[in-house]
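Everything on this sheet refers to the single structure shown next.
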Amino acid sequence: FSRGCRVSRKRIALVPTMGYLHDGHLALVEGAKRFADVVVVSIYVNPTQFSVNEDFDVYPRDVEGDREKLRRAGVDAVFEPSSLYEAAPSSSATSFVVGTGEFIPGGHETYVQVEQLQKVLCGVSRPHFFRGVATVCAKLFNIVEPDVAVFGKKDYQQWRIISTMVRDLDFGVEVVGMPLVREPDGLAMSSRNVRLSPDERQRALCISRGLRTAREAIEGGAQMSPAEVQRDIAGAIQSAGGAVDYVEVLDADNLSPVSGFAAQDTLIAVAAKFGSVRLIDNTVVRAK
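Heads up, the sequence shown is in this note's numbering, so the first residue is 894 and it goes up one at a time.
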């Protein structure tokens, strides 16, 4: 499929997903259309991103629903491998869904790691996670051969890690980060949101409220230290019955610690659990 597009001199945009698509994913598709002639969406729940005690087996899936959403969105092809740890068979370039088939996973030994960026935020409690993300994205880039890859900034650390991998390993891919998309009530869109009870969802809104309050206060001139921001947001989450994984204030470019907000764009990032559902969210405070 990709080679046919290249023969026709068409630019390819790839939107990697794990399926169970929502409006945030579809916003990435619409964004991808601005950068390319052809949009390919991959759907693959990547097992190397999950540890033994995580939610791989219960991660929501809706294959037919996803395909229909992507057809309506005008996607040119969907790449749905059953496994990315064996070579995919050849597929018809005229098929909407390409790369399907049953594969027997082999003894996969080669992984990609972005050393420093994976050691903060989600990488602290999930040390396996970004090795899996970087490896599967490298494989997708090699298979699909996109000119552009589009990621959402809700997964901010992932976007920075893939951008760094592409730079360091000379992938000929432009990595584009698209704005975080929220539900009408402010909750960051995520495939995991469906697993929240109505009460948990209502209580989880303290995350987006805390981020917005902090950003607006700082950009409005309030003198707040990173430690004060962390304390306020973590306290709000705990008061709402959530379990805080982290609240971090970091340089938005290299994810290093900062002493204040004036000198650089600053990422405020949160991970917390409500019930059994782990949620992440973030906002960026612009430098003055």
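All residues carry an ideal CB built from backbone N, CA and C; glycine is no exception.
Bear in mind that the values here come from a model prediction, so they are computed numbers and not experimental data.
Would the beta-carbon of E1141 fall within 8 Å of that of V1013?
yes
If we ignore side chains and look at the alpha-carbon of each, how far apart do F894 and V933 end up?
10 Å
Contiguous alpha helix (DSSP H) assignments of at least 4 residues, all confined to the region 1022-1057
1022-1037
Express the C-alpha separation of A1164 and C852 in angstroms, rounding to a whole number.
No information on residue 852 is available, as it lies outside the stretch 894 to 1181 that the chain covers here.
Would you tell me roughly how many angstroms separate the C-alpha atoms of S1084 and I1054, rounded to the nearest one?
21 Å
Identify, in the order they occur along the chain, each residue of the same chain with its Cβ nearer than 7 Å to the Cβ of Y1004, setting aside the five sequence neighbours on each side.
R1024, T1028
What is the rounded straight-line gap between the Cα of N1086 and the Cα of D959?
16 Å
Beta-carbon contacts of R1179 that lie in its chain and below 7 Å, excluding the five residues immediately before and after:
E1112, D1158
Tell me whether L1148 sits in a helix, a strand or coil according to DSSP, three-state version.
coil
In chain order, what residues of the same chain have a beta carbon less than 7 Å from the beta carbon of V1137, not counting five sequence neighbours either side?
A1127, I1130, Q1131, A1165
Apart from the five residues on each side of it in sequence, which residues of its chain come closer than 8 Å, Cβ to Cβ, to V1026?
N939, Q942, Q1051, I1054, I1055
Relative to the alpha-carbon of S975, which residue among R1124, Y937, D1061 has its alpha-carbon at the smallest distance?
Y937
Put A1165 into one of helix, strand or coil per three-state DSSP.
strand
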